[in-house]
Amino acid sequence: MTALRMAAVGETADLAKPMKGFGSGVFEIAVRHGGDAFRTVYAVQLDADIWVLHTFQKKSKSGIRTPRREIDLIRDRIRRVREQLP
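Per our numbering, the sequence shown starts with residue 52, numbered consecutively.
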């Protein structure tokens, strides 16, 4: 079962880790493919739905850290989703 499908049924995949700095319920999935690293960030505690907030290819410019541009984009998307919820 894929990590997002597991999240949809209330489970957490081994490769899904809490993403620090966004509060509870925001997770990051890190996957390697063909020598590249990819990340998917999703939130499970926004209403009853799973929201995929951002998916990107990790290009190491700052070591292991997620680049500031990606963090800002995720933060903005969380804010916009919360604004749209009743």
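From the three backbone atoms N, C-alpha and C, an ideal C-beta is built for every residue, glycine too.
inquiry  = For Val132, tell me which candidate among Val77, Ile115, His84 has the shortest Cα-Cα distance.
reply    = Val77
For Gly74, the nearest candidate out of Leu136, Gln135, Glu134, Arg130 (CA to CA) = Arg130
inquiry  = Residues in the same chain with beta-carbon distance under 7 Å from Trp102, minus the five sequence neighbours each way, listed in chain order, please.
reply    = Tyr93, Ala94, Val132
inquiry  = Using the three-state DSSP reduction, which class does Ile122 fall into: helix, strand or coil?
reply    = helix
request  = Starting from Ala90, trace the alpha helix (DSSP H) both ways and give me its first and last residue.
outcome  = It is Arg, not Ala, that sits at residue 90 in the sequence shown. Run containing Arg90: none in the alpha helix (DSSP H); it sits in the beta strand (DSSP E), 87-97.
ask   = How would you call Ala81, buried or exposed, if buried means at least 16 neighbouring beta carbons within 10 angstroms?
value = exposed
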